[in-house]
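From first to last, the protein sequence lines are chains A and B.
The numbers in the working numbering rise by one with no breaks, and the one at position 231 of the first sequence is 231.
The numbers in the working numbering rise by one with no breaks, and the one at position 35 of the second sequence is 1035.
All C-beta atoms in this analysis are idealised placements derived from N, C-alpha and C, irrespective of residue type, glycine included.
Everything numeric in this text was worked out from a predicted model, so none of it was measured.
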Amino acid sequence: MKTVVLALCAVLSSTCMAAPDARRSGFDDMTPPLRAMQRDDALNPAMLSVLEGQALWHRPPAPGQQACAGCHGEAAASMRGAATRYPAFSATSQRPVTLHERINECRVTQQNAAPLPVENPAALGLLGFVALQSRGLPIAPPADARLQPYRDAGAALYTTRFGQLALSCAQCHDARAGLRLGGSTIPQAHPNGYPLYRLEWQGMGSLQRRLRGCMAGVRAEPFALGAPEWVALELYLMQRAAGMPLETPAVRP
Amino acid sequence: MPTAIVTMPATAKRGEVIAIRTLVAHPMETGYRPGDGGGVLPRDLIRRFQCHYNGELVFAAELYPAVAANPLIAFFTVATESGTLRFSWDGDNGFAHSESVAITVT
């Protein structure tokens, strides 16, 4: 019986991957009021954070240092599409980096400033502002051969069972996506709106925070903050969502 | 520096009913939630929102712990004359923020 179920899971997940049209953004499963909240910038509470990020973009981190705008100019032109390409391979770190880590590299090497910690409100704001410039553009993971081993590691993590409940990401988000978990619809887990405003959090959060929540949900110990496993998972998830339009800053229940 | 977003038309005809939407960044901590250390997180709320149209109070609201973080307040007023609408939020721990938006009435 167990093997039958597993075989069924495998079939379902392979058809999911083969037919890109079957992919649904979490946006499509939201209630009409929530969708209206995301669509309208005057209602979207994530825009408060993005506005802070915009101010940070133009403000030098310390007197005498360059602001982001000092090198990159107007974000609308220079940052257009940037968020669709991350995580990307960094020549500086010799490993894949998320957009957050890329911003931190810039802060350390160009601005002589301290890196912004994960989930820091300023970091989320800046990240949201940069990603906003790619809103509506399709996710375009780079075809960089150096990324492939990490992406494969992410794919392996995605199908690895974790925690006391011994569940893998794929068991819920591929095999049972669209079904219910308690009162909520299980989404397909496409990372196409981060950083986003989650009503459950009453605030902004990153993809890492969301993934940590899932790991805690299956009663596993989440990886450490900024661990390479998060980047590998993000690489795989972005590849899985390739071509879907970016919604940043999104709203989710 | 708290952030607020006010959305309203920049121009209106005299006597027209205009829609105003305001969004302000605030945690609206209820005072009932446990924190990481096991204690209760201290209450931190916006208590009152006011809108003055050329100095005259046209809309006000009292806010309570049941209001979610980053409160959105939407309301209507009648465009009577050109001038400024001043929006102010006041709350616990000396929280005070105000925004002014000009309107031209023809």
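State the Cα-Cα distance for the pair residue i and residue j, rounded to the nearest angstrom.
i	j	result
Pro195/A	Arg1014/B	42 Å
Pro45/A	Leu1023/B	7 Å
Ala1019/B	Ala1074/B	7 Å
Pro1071/B	Ser1100/B	18 Å
Pro247/A	Ala153/A	Note on identity: in this sequence residue 247/A is Glu, with Pro being the wrong assignment. Whole-angstrom Cα-Cα distance: 26 Å.
Pro96/A	Pro60/A	27 Å
Arg146/A	Gly226/A	20 Å
Arg180/A	Arg24/A	15 Å
Thr1003/B	Trp57/A	16 Å
Thr1084/B	Gly1055/B	8 Å
Glu1029/B	Pro117/A	23 Å
Ala7/A	Arg176/A	Any reading at Ala7/A needs caution, since the residue's pLDDT is 46, under 50, leaving its predicted position unreliable; the model's value is listed next. Cα to Cα, Ala7/A sits roughly 14 Å from Arg176/A.
Cys169/A	Ala1102/B	51 Å
Glu200/A	Thr1106/B	44 Å
Phe1059/B	Thr1080/B	14 Å
Gln171/A	Cys68/A	42 Å
Leu126/A	Gln66/A	15 Å
His173/A	Ala113/A	39 Å
Ala55/A	Leu48/A	11 Å
Does residue i come within less than 9 Å of chain A when only Cβ atoms are used?
i	result
Pro1027/B	yes
Ala1102/B	no
State yes or no: is the beta carbon of residue i nearer than 9 Å to at least one beta carbon in chain B?
i	result
Ser49/A	yes
Gly213/A	no
Ser13/A	Note that Ser13/A scores a pLDDT of 49, beneath 50, so its modelled location is shaky; the value from the coordinates is reported in the next line. Taking Cβ atoms only, chain B never reaches closer than 9 Å to Ser13/A, which makes this a no.
Val251/A	no
What residues of chain A sit near residue i, judged by a beta carbon separation below 8 Å?
i	result
Arg1021/B	Ala42, Leu43
Ala1068/B	Leu199, Gln202
Leu1072/B	Leu43, Pro45
Could you check which residue in the options has the C-alpha nearest to that of residue i?
i	options	result
Ala216/A	Gly203/A, Leu167/A, Ala227/A, Val251/A	Leu167/A
Gly70/A	Ser93/A, Arg107/A, Pro121/A	Arg107/A
Val1078/B	Pro1027/B, Val1067/B, His1052/B, Ala1025/B	His1052/B
Pro1065/B	Phe1095/B, Tyr1032/B, Leu1057/B, Val1058/B	Tyr1032/B
Ala1025/B	Val1105/B, Gly1094/B, Ala1069/B	Ala1069/B
Phe129/A	Phe223/A, Ala224/A, Gly53/A	Gly53/A
Establish whether the CB of residue i and some CB of chain C are separated by less than 9 Å.
i	result
Thr1007/B	The structure shown contains no chain C; the protein chains it does contain are A and B.
Note to self: Using 8 Å as the cut-off, can you tell me whether the stretch 140-157 of chain A makes contact with the stretch 78-89 of chain A, which would need three or more C-beta pairs spanning the two stretches below that distance?
What the structure shows: yes
Next item on the list: Check whether the stretch 1085-1094 of chain B touches the stretch 1044-1058 of chain B, taking contact to mean three or more Cβ pairs, one atom from each stretch, closer than 8 Å.
Entry: yes
Check: Is the stretch 92-106 of chain A touching the stretch 73-81 of chain A in the sense that three or more CB pairs, one from each, lie closer than 8 Å?
Finding: no
Notebook entry, point to check: Are the stretch 180-195 of chain A and the stretch 222-239 of chain A touching, with three or more C-beta to C-beta distances below 8 Å?
Noted result: yes
Check: When the Cβ atoms of the stretch 1034-1046 of chain B are set against those of the stretch 1001-1010 of chain B, are three or more pairs found closer than 8 Å?
Finding: no
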